[in-house]
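Novice: Please read through the structure below; I'll follow up with questions.
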Amino acid sequence: MPLIFEKSVPGRRGLKNPASDADAAASIPQKYRRAKACPLPEVTELDIVRHFTALSQKNFSVDTNFYPLGSCTMKYNPKFTEEAARMPGFSGLHPLLPQLRQGEKLTQGALEVLYEMEKFLCEITGMDAFTMQPLAGAHGELTGVMMMAAYHKARGNKKKYVIVPDSAHGTNPATVAIAGYEMVAVASDERGVMDIGELSRKINAETAGLMLTCPDTHGIFNSDVDKIAGMIHAVDGIMYCDGANLNAVLGRFRPGDAGFDVMHVNLHKTFATPHGGGGPGAGPVGVKEKLVPYLPISRVIKRSDGTLALNYDYPESIGYIASFYGNFAIILRAYAYILLLGKEGLREAANQAVLNANYLKERLKERFDLAYDRPCMHEVVFSASRQAKRGVHALDIAKFLIDKGIHPPTIYFPLTVKEAMMIEPTETESKETLDLFVHVLFEADDLSQRNPAYFKDLPQSTPITRPDEAKAARDINTNYFKA
Amino acid sequence: MIPYIANTPEDIKEMLRVIGVGRIDDLFRDIQPAYAPKAFNLPPGRSELEVTAWIHRLASKNASHLIPFIGGGYYDHYVPAAVTALVSRGEFYTAYTPYQPECSQGTLQALYEFQSAICALTGMEAANASLYDGGTALYEAAMMAIRITGRRKIIMDGGVSPIYRKIVKTYTSNLHFEFAETPVVHGQSNRQEIYKILDKDTAAVILQNPNFFGAIDDHADIIAKAHQTGALAVESVYPISLGLLKTPGEMGADIVTGEGQSLGLPLNFGGPYLGFMAARREFIRKMPGRIVGETVDQKGRRAFVNTLQAREQHIRREKAASNICTNVSLCALQAVIYMCLLGKEGFKELAQLNLDKAEFARRQIEQIEGVEVKRSSPTFNEFTVYLPQDASEVVEKMIAKGFAAGFPLGRYYKGMERYMIVAVTEKRTRQEILDYARCLREVLCR
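Taken in order, these protein sequences are the chains called E and P.
Numbering that gives the first Met the number 0 puts the last residue of the first sequence at 482; the count rises by one with no breaks.
Numbering that gives the first Met the number 0 puts the last residue of the second sequence at 445; the count rises by one with no breaks.
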């Protein structure tokens, strides 16, 4: 399909600007002006609407397809939260207004959303305070590890290492390195959880903390988290919880009750805000009392008269980690979602997410190898190793699924499982959809026995077949104007 | 009953039978009783109608009636209806990161077009597919310069947004890099102050155009000087101004970042916004974030993929260029649709319109006794105003008259308590500007 730039015809316009009603016609001296007009396409509004509508139709999405992409919680995104986020009282609100004198009065509704969300997230996770500012999960991780560092600095601790299990999402080790710590990896044991013996050998006085995904990335709840917390706390280390999988345990387990000191929550996963083709998300960070002084500024506080205000006066704070108060319109959607579900609804969401995953586990395990044969949480990790022996890899099965109109599970992760297929159905999918998915995967398994060569050129029903990724990295073309 | 859950009691019974357990609770047996939540006190669920009504009530507590003359890097521009309509397509907004290119060509091509549009706008050769926002993008640029040069010092021009400066400082100080700011002036960059501290340890000189005070500059001389010492030049820009202004590419900048909110995104009380980044082609492998590249499929047809992924956390883990994963793809889509709607002529015209309206406002404001518009250099759609009184007080009084009159500089700059910056976009009408000037006169003369 042509690029929008290739559809350009000189003289066409996509928007009518207002005529100037100012008498002034200002000009900028030549020395400060660009030599040539910015070469944006010249197209009509209809050209644009057709172009981007056609592009949208080349995507799989939750609205159009089953999307069991493990660790991403691709649940249905309710439409009413979109409407809430577009209310002019919120969408038109300038972020500098509350920084004017008495300006907080101008944004009481927005501050209330932030304040209430902090309360809700504390209740859901067992943490003592939250910052809503981190703009994505990985941003939350960095914020959390910087607070970990601030804690050690304040206590005069000499710390060097952060422990990360080998099953961790790639953002964890990347965060540790960027935050200036050295990463120490710990392997998983035969049960699929972090090897506690290896952990105890790797903990020492220079251990700054541990980053643990809970429930973990194998879809397993690690029953030893309190014991692990005890080991880390014994060297004054900080327990970080990656909350990517919170959806599984809503109302059943709170990281703050089990020894975790800091955690991030991915609002775009657990609280149903749309994933946007790769963001925007939001990654609020919660902390227990001992880390509260280090939270980023600003923080929303309630004054004695009941009004809300922003407070910047926290001398031990790590400082500004984002421009304002977080991805507000995402936080607002999550807030609306929590209000609709309520206490029982959140618990029910976790129940059904875990039920759906266990159902798939039971149905699929006769044909596909389970990475770990034990009850799972909201997601289940299979290995296509049996099929791979026939020459059909997890990637091939993924492409087969695409041809059947199903978005593939996560296959590039976790790195601990060869030929991984990490399946997260979420609570919003029906039994019929799950049964269909099982049927299609069985078909793939049948075909892998009968005709493994069939997979090589899949998918065929999509706008493109398999792209040449090596060429993309070799003959770099990332810009139409410098192709 | 939750409307988003499909399983009926019969379904649940059958599924539990297949699994071989009696109750849903049995699925959670790894979570021992000792882990039971100490509390879970949340309100009971409500209907969509009730929640929507409640959110409406909260929205009405915000002062959305104020006529905005406030900017500071975040502007009240018009968002065309087609932008909102197109990004509201579920096929775009309910998809995720395009890990499977065959069923994500829509997102991937749109991001390639976004990257191309950002390159066109900034005069650079390579752009990524977005970062969180303008402030964090500038931090990523500083880190990128540190990686490229192997040096540890960042020089920040005093004219860069104070909000951005605080963000970069948070990261550099927590990560033990050296951070130096040049003293603040309300005009162009202070060359002498920058050159005084520019040395062989400097990884990057960070500049902004127009700067926080609204001053337009040509940084080519500073950039050349930075290059002489082996430092890189990072330029933070306001995209709408680039309809007219000299591009960072023309000035010789190495890395360009900016806040893309003005490109069709609502103000949204601070987010989600759009961080963008562009650079010289030779630095593309050092860039953070997703980058979409063009290639071909098995049949030789044009195809788009996430490329150069060896930079990224999901491949490189602790050796990655950045820890960024989820970014703001949908905001990038919004921005590219916006830029296409404006088009080549419309974008330039829009920049001129902003310039003209700001000029008109400037003339009205200048006529007020005791008020002085600082103009040691040309400005775009925002300018610094000196008031005969404390600017915070004046802005507060203007709120009562229905205006968000500007942003008082005393909030971030000691000694500038009588200054404010005033922004005028294409949305401000002649009548609003005249009313603004009249009200400001009333406030000051009382």
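Every residue gets a Cβ at the ideal spot worked out from N, C-alpha and C, and that includes glycine.
1) Output needed for residue 367 of chain P: all residues of its chain with C-beta closer than 8 angstroms, excluding positions within five of it in sequence on either side, in chain order.
2) What residues of chain P sit near residue 232 of chain E, judged by a beta carbon separation below 9 angstroms?
3) Taking the CB atoms as reference points, tell me whether residue 214 of chain P and residue 383 of chain P lie closer together than 9 angstroms.
4) Mind checking residue 24 of chain E: buried by the 16 CB within 10 Å criterion, or exposed?
5) Kindly indicate which three-state DSSP category residue 421 of chain E falls into: helix, strand or coil?
6) Per DSSP, what kind of secondary structure is residue 235 of chain E in: helix, strand or coil?
7) Can you tell me which of E:80, E:105 and E:284 puts its alpha carbon nearest to the alpha carbon of residue 395 of chain P?
8) Starting from the C-beta of residue 138 of chain P, find all residues in its chain whose C-beta is less than 7 angstroms away, skip the five residues before and the five after it, and write them out in chain order.
9) Quick check on residue 304 of chain P - is its C-beta less than 9 angstroms from some C-beta in chain E?
10) Name the one or two DSSP bridge partners that residue 265 of chain P has.
11) Report the residues of the region 172 to 194 of chain P with a CB closer than 8 angstroms to any CB of chain E, ordered along the chain.
12) To which residues of the same chain is residue 210 of chain P closer than 6 angstroms at the C-beta, ignoring the five residues directly before and after it?
13) Between E:474, E:419, E:334 and E:470, which lies nearest to residue 118 of chain E when the distance is taken from Cα to Cα?
14) Give every residue of the same chain whose Cβ lies closer than 7 angstroms to the Cβ of residue 131 of chain E, excluding the five residues on either side of it in the sequence, and list them in chain order.
15) Tell me, to the nearest whole angstrom, how far the beta carbon of residue 94 of chain P is from that of residue 274 of chain E; I am working on the premise that it is less than 8 angstroms.
16) Less than 9 angstroms between the beta carbons of residue 223 of chain P and residue 197 of chain P, yes or no?
17) Would you mind giving the Cβ-Cβ distance between residue 61 of chain P and residue 328 of chain E, rounded to the nearest angstrom? I have them listed as a contact below 8 angstroms.
18) Which residues in chain P have a C-beta closer than 9 angstroms to the C-beta of residue 464 of chain E? List them in chain order.
19) Assess contact between the region 386 to 394 of chain E and the region 440 to 452 of chain E, defined as three or more Cβ pairs (one per stretch) separated by less than 8 angstroms. Is contact present?
20) Any beta-carbon of chain P closer than 9 angstroms to the one on residue 448 of chain E?
21) Since residue 302 of chain P contacts residue 100 of chain P with CB under 8 angstroms, what's their CB separation in whole angstroms?
22) Rounded to a whole number of angstroms, what is the C-alpha to C-alpha distance between residue 183 of chain P and residue 155 of chain P?
23) Counting pairs of beta carbons, one from the region 239 to 258 of chain E and one from the region 214 to 229 of chain E, are three or more of them closer than 8 angstroms?
24) Would you kindly check if the distance between the Cβ of residue 374 of chain E and the Cβ of residue 357 of chain E is under 9 angstroms?
25) Contact between the region 32 to 48 of chain E and the region 430 to 445 of chain E: three or more CB pairs below 8 angstroms?
26) Are any of the Cβ atoms in chain E nearer than 9 angstroms to that of residue 235 of chain P?
27) Are the CB atoms of residue 458 of chain E and residue 65 of chain E nearer to each other than 9 angstroms?
28) I need the boundaries of the alpha helix (DSSP H) containing residue 362 of chain E, first residue and last residue.
29) May I ask you to list the residues that DSSP assigns as paired with residue 152 of chain P?
30) Strictly under 9 angstroms for the Cβ-Cβ distance: is residue 47 of chain P near chain E by that measure?
31) Mind checking who residue 43 of chain P pairs with in its DSSP beta bridge?
32) Flag residue 429 of chain E as yes if its beta-carbon sits less than 9 angstroms from any beta-carbon of chain P, otherwise no.
33) Who pairs with residue 234 of chain P in a beta bridge, going by DSSP?
34) Please decide whether residue 248 of chain E counts as near chain P, where near means a Cβ-Cβ distance under 9 angstroms.
35) At a CB-CB cut-off below 7 angstroms, which residues of chain P make contact with residue 54 of chain E?
36) Please tell me whether residue 83 of chain P has its Cβ less than 9 angstroms away from any Cβ of chain E.
Specialist: Judging by the given coordinates:
1) As a position in the second sequence, residue 367 of chain P is number 368, starting the count at 1. Closer than 8 angstroms at Cβ, skipping near neighbours: 436, 439, 440 and 443.
2) Position 233 of the first sequence holds residue 232 of chain E. Correct list: empty, because the minimum Cβ distance to chain P is about 17 angstroms.
3) As a first step, residue 214 of chain P is located in the second sequence; it is residue number 215 there, counting from the start. As a first step, residue 383 of chain P is located in the second sequence; it is residue number 384 there, counting from the start. Contact flag set, yes.
4) Here residue 24 of chain E refers to the residue found at position 25 when the first sequence is read from its first residue. It counts as exposed.
5) The count along the first sequence starts at 1 and reaches residue 421 of chain E at position 422. Three-state result, residue 421 of chain E: strand.
6) Start at 1 with the first residue of the first sequence, and residue 235 of chain E comes out as number 236. Coil, per DSSP.
7) Locating residue 395 of chain P in the second sequence gives position 396, where the first residue counts as 1. When each option's Cα is compared against that of residue 395 of chain P, the closest is E:105.
8) Taking the first residue of the second sequence as 1, we reach residue 138 of chain P at position 139. Cβ neighbours of residue 138 of chain P beyond the five flanking positions: 166, 167 and 170.
9) As a first step, residue 304 of chain P must be located in the second sequence, where it is residue number 305. Yes, because at least one Cβ of chain E sits closer than 9 angstroms to the Cβ of residue 304 of chain P.
10) Within the second sequence, numbered from 1, the residue matching residue 265 of chain P stands at position 266. For residue 265 of chain P, which the question treats as bridged, DSSP gives no partner whatsoever.
11) 172, 173, 174 and 175
12) Here residue 210 of chain P corresponds to residue number 211 of the second sequence, with the count starting at 1. Once the five neighbours on either side are set aside, the close Cβ partners of residue 210 of chain P are 158.
13) If you number the first sequence from 1, residue 118 of chain E lands on position 119. That would be E:334, whose Cα lies nearest to the Cα of residue 118 of chain E.
14) Indexing the first sequence from 1 puts residue 131 of chain E at position 132. Once the five neighbours on either side are set aside, the close Cβ partners of residue 131 of chain E are 113, 116, 117, 283, 324, 325 and 330.
15) By one-based count along the second sequence, residue 94 of chain P stands at place 95. By one-based count along the first sequence, residue 274 of chain E stands at place 275. Correct: roughly 7 angstroms between the Cβ atoms.
16) Within the second sequence, residue 223 of chain P is the residue found at index 224, counting from 1. Within the second sequence, residue 197 of chain P is the residue found at index 198, counting from 1. Not in contact: residue 223 of chain P and residue 197 of chain P (Cβ atoms no closer than 9 angstroms).
17) In the second sequence, residue 61 of chain P corresponds to position 62, counting from 1. In the first sequence, residue 328 of chain E corresponds to position 329, counting from 1. At roughly 13 angstroms, the Cβ-Cβ gap does not stay under 8 angstroms, so residue 61 of chain P and residue 328 of chain E are not in contact.
18) Here residue 464 of chain E corresponds to residue number 465 of the first sequence, with the count starting at 1. Result: 101, 296, 297, 298, 300 and 302.
19) yes
20) Walking along the first sequence from the start, residue 448 of chain E turns up at place 449. So, not an interface residue.
21) Within the second sequence, residue 302 of chain P is the residue found at index 303, counting from 1. Within the second sequence, residue 100 of chain P is the residue found at index 101, counting from 1. Contact flag correct, Cβ pair sits at about 7 angstroms.
22) Stepping through the second sequence from its first residue, residue 183 of chain P is reached at position 184. Stepping through the second sequence from its first residue, residue 155 of chain P is reached at position 156. Taking the straight line joining both Cα atoms gives about 10 angstroms.
23) yes
24) Residue mapping note: residue 357 of chain E aligns to position 358 of the first sequence, counting from 1. Residue mapping note: residue 374 of chain E aligns to position 375 of the first sequence, counting from 1. Yes; because the gap between Cβ atoms is below 9 angstroms, this pair is in contact.
25) no
26) In the second sequence, residue 235 of chain P corresponds to position 236, counting from 1. No, residue 235 of chain P does not count as interfacial toward chain E.
27) Taking the first residue of the first sequence as 1, we reach residue 458 of chain E at position 459. Taking the first residue of the first sequence as 1, we reach residue 65 of chain E at position 66. No.
28) Residue 362 of chain E sits at position 363 when you count from the first residue of the first sequence. Looking at the DSSP string, the run of the alpha helix (DSSP H) that includes residue 362 of chain E is 327 to 363.
29) Taking the second sequence and counting its residues from 1, one reaches residue 152 of chain P at position 153. Answer is P:177 and P:201.
30) Taking the first residue of the second sequence as position 1, residue 47 of chain P is located at position 48. Yes, because at least one Cβ of chain E sits closer than 9 angstroms to the Cβ of residue 47 of chain P.
31) Counting from one through the second sequence, the residue named residue 43 of chain P turns up at place 44. Answer is E:341, bridged to residue 43 of chain P.
32) Walking along the first sequence from the start, residue 429 of chain E turns up at place 430. Yes, contact with chain P.
33) As a first step, residue 234 of chain P is located in the second sequence; it is residue number 235 there, counting from the start. In the DSSP output, where bridge partners are listed per residue, residue 234 of chain P has P:206 and P:255.
34) Start at 1 with the first residue of the first sequence, and residue 248 of chain E comes out as number 249. Judged by the 9 angstroms Cβ criterion, residue 248 of chain E is in contact with chain P.
35) In the first sequence, the residue the question calls residue 54 of chain E occupies position 55. By Cβ distance, chain P contributes 105, 108 and 109.
36) Numbered from its first residue, the second sequence carries residue 83 of chain P at position 84. Yes, its Cβ sits closer than 9 angstroms to a Cβ of chain E.
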